[in-house]
Amino acid sequence: MKILIVGPSWVGDMVMAQTLFQCLQQRHPGCQIDVLAPEWSRPILERMPEVRRALSFPLGHGVLQLATRRRIGKSLAGQYDQAILLPNSLKSALVPFFAGIAKRTGWKGEMRYGLLNDVRTLDKQRYPLMIERFMALAFEPGAEIPRPYPRPRLQIEAASRDAALARFALSLDRPVLALCPGAEFGEAKRWPSEHYARVAEAKIRAGWQVWLFGSKNDHPVGEDIRARLIPGLREEAVNLAGDTSLAEAIDLLSCASAVVSNDSGLMHVAAALDRPLVAVYGSTSPQFTPPLAEQVEIVRLDLECSPCFERTCRYGHYNCLRELAPQPVLEALDRLVADPVEVE
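Read left to right, the sequence shown gives residues -8 to 335 (my numbering).
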């Protein structure tokens, strides 16, 4: 059986989509799964053994370009038995329709009747988790999702990891604390730089080194965190945000002894790499998209005004994150991983 997946547009969602791929392989052993998704997602998909091919989708999020979607669809005609759509948009249904794929499965979304012929109606109470909504599409409507649920697991090749270490002249002579202080969604997901710096200082003094991860947009935040460290400690913190490719970031994150992250795509990557993880939540909630790993500590204040799921704080104070002090995060880290040695 050959299945085309129309993938999501966010890093974390793409990582969580692996649960669907795992269910499909369990239900149809040996099935061939190709994923049509933005080019940036290729490093994630290449680290999923369930996926045969990552097919680059050239259009940006929200762009229609009907002729281009028709051309891509026609190029895929006759290759697949089923298409499964993870986005709920009308646009995402066009390529499988133009490809003439016999079974086109997805949740009822933006007027997709006719474009989809296996339309599901989402019961949010039955499927409160995003992974449940993904996994349910692997089965017939109304079927129970087998438990225990699979967890995303990215596979790292030693040669690729070693090349990334060499390129950035990184050493594993000390335990690595990976910090992921960015959040593409918006400011309401960002734990303050001064709190990250306090965590970095404490762990460096305890014998660790610190690597900072993120996109180009997060590079200034990484520099701000480093600037808050005194000389002698600052040299043990490396700002990789914006300098690595996503592939290199994934491979380097796999070297981490522990990770502290906002609710972000890299949080889900760290979980899929099975790294001990402290996830800091403010405006969002772990009830919908929790990190899926064994060694996870969730730290949040659970204020009356959160979760609000807003990009910016409607009150302007961001207290759900500003008032979340470094100490609970340090205590969570201590529960996950012991410090190697005290350094004066």
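No residue lacks a Cβ here, since even glycine has one placed at the ideal position from N, Cα and C.
One or two residues paired with residue i in a DSSP bridge
i: leucine 29; result: According to the sequence displayed, residue 29 carries proline and not leucine. Answer is Phe48.
i: tryptophan 98; result: Arg111
i: alanine 228; result: Val201
i: valine 42; result: Ile24
i: cysteine 390; result: Only positions -8 to 335 of the chain appear in this structure, which leaves residue 390 out of reach.
i: tyrosine 104; result: Leu107
Integer Cβ distance of residue i from residue j, believed to fall under 8 Å
i: isoleucine 216; j: proline 172; result: 6 Å
i: leucine 27; j: isoleucine -6; result: So it is not a contact: roughly 11 Å between Cβ atoms.
i: methionine 258; j: isoleucine 122; result: Not a contact, Cβ separation roughly 14 Å.
i: leucine 113; j: lysine 99; result: 7 Å
i: glycine 256; j: glycine 51; result: Contact flag wrong, Cβ pair sits at about 17 Å.
Three-way DSSP call (helix, strand, coil) for residue i in this model
i: leucine 120; result: coil
i: glutamate 288; result: strand
i: glutamate 335; result: Residue placement at glutamate 335 cannot be trusted, given a pLDDT of 44 that sits under 50; what the coordinates show is reported in the next sentence. Three-state DSSP puts glutamate 335 in coil, outside helix and strand.
i: glutamine 23; result: strand
i: proline 139; result: coil
i: serine 66; result: helix
i: isoleucine -4; result: strand
i: glutamine 9; result: helix
i: leucine 336; result: Given a span of -8 to 335 for the chain in the structure shown, any question on residue 336 remains unanswerable.
i: isoleucine 75; result: strand
i: glutamine 146; result: coil
i: proline 384; result: The requested residue 384 is not part of the displayed model; the chain covers only -8 to 335.
i: arginine 189; result: helix
i: serine 83; result: helix
i: phenylalanine 89; result: helix
i: proline 211; result: helix
i: glutamate 301; result: coil
Cβ neighbour criterion (16 or more within 10 Å) applied to residue i
i: arginine 343; result: No answer is possible for residue 343: it lies beyond the span of the chain, which begins at -8 and ends at 335.
i: histidine 186; result: buried
i: lysine 115; result: exposed
i: alanine 154; result: exposed
i: lysine 180; result: buried
i: arginine 326; result: exposed
i: threonine 96; result: buried
i: proline -1; result: buried
i: threonine 10; result: buried
i: lysine 65; result: exposed
i: glutamine 139; result: Sequence inspection shows proline at residue 139; the glutamine mentioned does not correspond to that position. Proline 139 should be labelled exposed.
Task: Segment contact, 8 Å Cβ cut-off, at least three pairs: the segment 239 to 247 with the segment 216 to 230 - done: no
TODO: Check whether the segment 179 to 194 touches the segment 206 to 222, taking contact to mean three or more Cβ pairs, one atom from each stretch, closer than 8 Å.
DONE: yes
Task: contact_flag[the segment 301 to 311, the segment 157 to 164] where n(CB pairs < 8 Å) is 3 or more - done: no
Task: Touching by the beta-carbon criterion (3+ pairs, under 8 Å), the segment 99 to 118 and the segment 82 to 89 - done: yes
Open item on the list: Below 8 Å, how does it come out for the segment 284 to 295 and the segment 198 to 213: are there three or more Cβ pairs, yes or no?
Closed with: no
- [ ] Answer yes if the segment 33 to 45 comes into contact with the segment 67 to 80, meaning at least three C-beta pairs across the two stretches below 8 Å, and no otherwise.
- [x] no
Open item on the list: Across the segment 269 to 288 and the segment 20 to 38, are there enough close Cβ pairs to call them in contact, namely three or more that are closer than 8 Å?
Closed with: no
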